[in-house]
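**Student:** The structure that follows is given in the form of structure tokens.
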Ligand SMILES: Cc1ncc(C[n+]2csc(CCOP(=O)(O)OP(=O)(O)O)c2C)c(N)n1
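Chains as they are written, first to last, in our numbering: chain A, 247 to 590; chain B, 33 to 364.
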């Protein structure tokens with residue numbers, strides 16, 4: 247477990263001041279994290295509709311479903327530093343990254359429901375979200391995000407643009423050859439790439455302890471001369487500030503960085519996961535560190551009224567309700583559209 | 033005992049062989065707690081422990097390569113490739129080494145590796161988790177390709193694989209696993225408790241008929257049988273041949289059937305072009321061209337990835353309605 251000690255209120259104020267970080271920015275992050283959480287919980291609830299007894303093929307949302315509750319701070323802390331032109335390549339657990347990158351949550355929800363109004367017209371579904379508008383993509387194949395983001399970073403450098411590319415991946419994916427291969431190339435060519443290892447302690451049912459020879463990813467990155475940040479992934483401020491440095495470095499031609507964000511997924515690997523591989527107590531322990539509650543407490547200490555926070559949460563909930571309504575009321579695609587689109 | 037689905041059968045086969053022999057080890061992602069997700073290694077961890085049942089890091093290339101190395105010095109690894117769709121991340125070690133070292137070394141090394149993987153769609157898992165792809169493996173010389181459609185076959189063919197000195201890839205269809213979280217399209221089989229082997233290269237005639245032969249494997253065998261049963265009531269007599277292994281392929285049983293019926297429909301859940309359907313067509317016509325009363329036809333995934341949305345997925349994976357229409361068209 248890696249969690250930084252909670253700063254005192256004085257330190258927190260000082261930190262925000264010296265980092266030129268406003269209360270409004272923090273409130274916006276609070277809203278964003280709530281938006282993600284509300285979205286994930288709403289999708290989670292819908293997913294079980296029509297699935298009693300549990301059967302992946304039934305109900306309004308089919309197939310596997312990987313939710314990110316608990317990991318919001320990583321997505322929002324990173325996303326808060328990105329522009330529309332920056333690229334994000336995500337994984338099989340992509341909703342929080344997509345929302346933090348600014349995808350339209352109506353289209354996002356509609357895609358998850360397999361509707362024609364979805365991001366990909368219903369072709370991709372939850373694990374294959376593509377949004378050219380905000381330069382977001384993802385893959386159901388573990389380890390696939392690293393080189394694709396590096397490719398985009400290559401293009402930015404080649405064209406002299408100061409955009410950055412971000413590859414999100416889990417700690418399980420960091421065992422894949424693509425992790426080392428990509429970091430090596432990116433370091434060698436000084437690409438504007440940021441690799442974010444979202445370490446939530448488990449890859450499916452496999453705990454990090456039986457799959458990694460070192461608890462830390464930054465050690466591996468250092469061996470390839472890639473500067474790294476070890477951050478508290480349950481603390482959006484920590485993630486945000488580290489990413490800001492990495493992004494500045496990348497935009498100014500300094501090359502790649504790695505961000506190792508230690509976090510936790512509150513739900514199973516996928517919906518329906520019996521979670522026999524971990525203890526309830528462990529999950530409860532991490533829940534104490536809920537990144538949303540944690541930020542909420544800090545905002546309260548900084549003088550933000552409880553109602554204001556409640557208001558942000560309500561706004562988030564309403565937007566999610568609207569998105570799900572839109573998704574459910576949208577039509578399914580015409581079956582014949584399945585046969586077009588392999589080539590342009 | 034009565035068994036529902038191929039998962040339990042495959043896991044039991046591995047377990048029984050592991051009890052008898054110490055050279056077998058099981059490796060792959062999530063093979064312990066999760067029984068490789070689709071249950072093919074279920075219960076093995078409890079019985080044999082982490083020494084013989086090993087969760088690997090997510091490193092397909094490496095654990096496939098390790099299997100090659102293990103086999104070269106006398107172990108018989110059973111490797112789980114969770115979904116066949118992930119083969120891209122390990123295919124070099126498979127097709128350039130696992131499949132070739134025996135040949136390249138002039139026969140010095142056998143390559144006793146059993147790879148078990150899950151195939152198929154139909155439950156909304158989309159492009160990267162619903163493919164069949166056995167045609168890719170069958171295309172590369174050196175792999176034996178096993179596609180069981182029921183528990184009895186699954187057990188016998190798995191035990192055969194575990195006694196084979198060659199790399200054998202077993203493709204278990206997700207909708208035949210019998211696991212509660214997926215739709216099940218199989219039946220219940222009487223499966224002997226004791227270990228038994230089924231020969232490779234022996235197709236099975238699941239249903240006798242005289243008007244048309246449907247050749248298929250895995251899940252599609254069940255869809256074909258249900259259609260055949262329905263058509264039987266109308267006097268259309270369909271023979272259903274379950275190929276069971278694509279490599280080696282039982283040309284004998286196939287062509288005997290086609291000589292009898294004069295018509296062949298090949299039914300496949302893999303992509304159409306350059307796939308199993310083309311190969312079977314060629315082999316059958318070269319043995320039974322003169323006996324054909326009509327051109328051979330095929331139904332397969334029409335060269336598009338498997339889309340996510342339900343109506344789209346149904347459009348591309350052959351379903352019973354389409355199989356029925358095709359058969360009616362061919363016999364009319
Ligand atoms: C190449 C490949 N191998 C295996 C899988 C199956 N799989 C999907 S998610 C996953 C675990 C990923 O763990 P991690 O990278 O830590 O991400 P997390 O799920 O924790 O977000 C595995 C093994 C896959 N999708 N692709």
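Beta carbons: idealized from backbone N, C-alpha and C, even for Gly.
Which residue comes first and which comes last in the beta strand (DSSP E) that contains residue 414(A)?
**Tutor:** First-last of the beta strand (DSSP E) with residue 414(A): 411-416.
**Student:** At what residues does the alpha helix (DSSP H) containing residue 397(A) begin and finish?
**Tutor:** That run of the alpha helix (DSSP H) goes 391-405.
**Student:** Run through DSSP, which three-state label would residue 139(B) get?
**Tutor:** Here residue 139(B) sits in coil by DSSP.
**Student:** At a threshold of 7 Å, does residue 428(A) count as lining ligand 1 (C-beta to nearest heavy atom)?
**Tutor:** No, the Cβ of residue 428(A) stays beyond 7 Å of every heavy atom of ligand 1.
**Student:** Span of the alpha helix (DSSP H) holding residue 48(B)?
**Tutor:** Unbroken alpha helix (DSSP H) run through residue 48(B): 38-52.
**Student:** Given a cut-off of 8 Å on the beta-carbon distance, is the pair residue 149(B) and residue 113(B) in contact?
**Tutor:** Yes, Cβ-Cβ distance for residue 149(B) and residue 113(B) is below 8 Å.
**Student:** Do residue 366(A) and residue 376(A) have their beta-carbon atoms positioned less than 8 Å apart in this structure?
**Tutor:** It is a contact, given that the beta carbons lie within the stated cut-off.
**Student:** Roughly how many angstroms separate the alpha carbons of residue 335(B) and residue 187(B), rounded to a whole number?
**Tutor:** Using only the alpha carbons, I get a separation of about 32 Å.
**Student:** Select from the stretch 121-137 of chain B all residues with a C-beta closer than 9 Å to any C-beta belonging to chain A, and list them in chain order.
**Tutor:** Per Cβ criterion, the list reads 121.
**Student:** Out of curiosity, what's the CA-to-CA distance linking residue 500(A) and residue 408(A)?
**Tutor:** Their Cα atoms are separated by approximately 11 Å.
**Student:** Could you give the C-beta distance for residue 341(A) and residue 392(A), rounded to a whole number, given that I count them as a contact under 8 Å?
**Tutor:** Actually they are not in contact, since the Cβ atoms of residue 341(A) and residue 392(A) sit about 20 Å apart, beyond 8 Å.
**Student:** Inspect the CB distances between the stretch 552-563 of chain A and the stretch 329-347 of chain A and report whether three or more fall short of 8 Å.
**Tutor:** These segments do not touch.
**Student:** Following the continuous beta strand (DSSP E) through residue 274(B), name the residue where it begins and the one where it ends.
**Tutor:** Residues 270-274.
**Student:** Go through its chain and collect everything with a Cβ distance to residue 269(B)'s Cβ below 6 Å, but skip five positions before and after it.
**Tutor:** Answer for residue 269(B): 241, 242, 243, listed in chain order.
**Student:** Just list the residues that DSSP pairs residue 448(A) with in beta bridges.
**Tutor:** DSSP output for residue 448(A) lists 453(A) as bridge partner(s).
**Student:** Which of the three DSSP states is assigned to residue 235(B) in this structure?
**Tutor:** Three-state result, residue 235(B): coil.
**Student:** I'd like to know if residue 347(B) contacts chain A, where contact means its C-beta is closer than 8 Å to some C-beta of that chain.
**Tutor:** Taking Cβ atoms only, chain A reaches closer than 8 Å to residue 347(B), which makes this a yes.
**Student:** Between the stretch 451-479 of chain A and chain B, which residues of the former have a C-beta closer than 8 Å to a C-beta of the latter?
**Tutor:** So the list reads 451, 452, 456, 457, 458, given in the order they occur along the chain.
**Student:** Would you say residue 485(A) and residue 493(A) are within 8 Å of each other, going by their C-beta atoms?
**Tutor:** In this structure, residue 493(A) does not lie closer than 8 Å to residue 485(A) by Cβ.
**Student:** Are the C-beta atoms of residue 308(A) and some chain B residue less than 8 Å apart?
**Tutor:** Closer than 8 Å: yes.
**Student:** To which residues of the same chain is residue 624(A) closer than 6 Å at the C-beta, ignoring the five residues directly before and after it?
**Tutor:** Any question about residue 624(A) goes unanswered here, given that chain A covers just 247 to 590.
**Student:** Please state the DSSP three-state secondary structure of residue 146(B).
**Tutor:** If DSSP states are grouped into helix, strand and coil, residue 146(B) belongs with the strands.
**Student:** Name, please, each residue of chain B whose Cβ falls closer than 9 Å to the Cβ of residue 299(A).
**Tutor:** Simply 212, 213.
**Student:** For the structure I just gave you, are there three or more beta carbon pairs, one from the stretch 274-290 of chain B and one from the stretch 318-327 of chain B, closer than 8 Å?
**Tutor:** Output reads yes: the stretch 318-327 of chain B touches the stretch 274-290 of chain B.
**Student:** Which runs of the beta strand (DSSP E), 3 residues or longer, sit entirely within the stretch 475-552 of chain A?
**Tutor:** Here the runs fully enclosed are 503-508.
**Student:** Check residue 314(A) in the structure and name its three-state DSSP category.
**Tutor:** Coil at residue 314(A), not helix or strand.
**Student:** Compute the Euclidean distance between the alpha carbons of residue 249(B) and residue 433(A), then round it to the nearest angstrom.
**Tutor:** So the alpha carbons of these two residues sit roughly 48 Å apart.
**Student:** Return helix, strand or coil for residue 294(B), following the three-state DSSP convention.
**Tutor:** Of the three classes helix, strand and coil, the one that applies to residue 294(B) here is coil, per DSSP.
**Student:** Quick check: is any heavy atom of ligand 1 less than 7 Å from the C-beta of residue 118(B)?
**Tutor:** Answer for residue 118(B): yes, Cβ within range of ligand 1.
**Student:** With three or more beta-carbon pairs closer than 8 Å as the criterion, would you say the stretch 33-44 of chain B touches the stretch 216-223 of chain B?
**Tutor:** The answer is yes - the stretch 216-223 of chain B touches the stretch 33-44 of chain B, with three or more Cβ pairs under 8 Å.
**Student:** Starting from the beta carbon of residue 579(A), find every residue of chain B whose beta carbon is closer than 9 Å, and list them in chain order.
**Tutor:** Neighbours of residue 579(A) on chain B, chain order: 339, 341, 343, 344.
**Student:** When the Cα atoms are used, what is the spatial distance from residue 61(B) to residue 550(A)?
**Tutor:** Rounded to whole angstroms, residue 61(B) to residue 550(A) spans 47 Å at the Cα level.
**Student:** Start and end of the beta strand (DSSP E) containing residue 222(B)?
**Tutor:** Segment 220-222, the beta strand (DSSP E) holding residue 222(B).
**Student:** What residue does the beta strand (DSSP E) around residue 248(B) start on, and which one ends it?
**Tutor:** Its beta strand (DSSP E) spans residues 244-248.
**Student:** Find out if the Cβ-Cβ distance for the pair residue 260(B), residue 273(B) is shorter than 8 Å.
**Tutor:** No.
**Student:** Rounded to whole angstroms, what is the Cα-Cα separation between residue 491(A) and residue 497(A)?
**Tutor:** Residue 491(A) and residue 497(A): Cα-Cα distance of roughly 10 Å.
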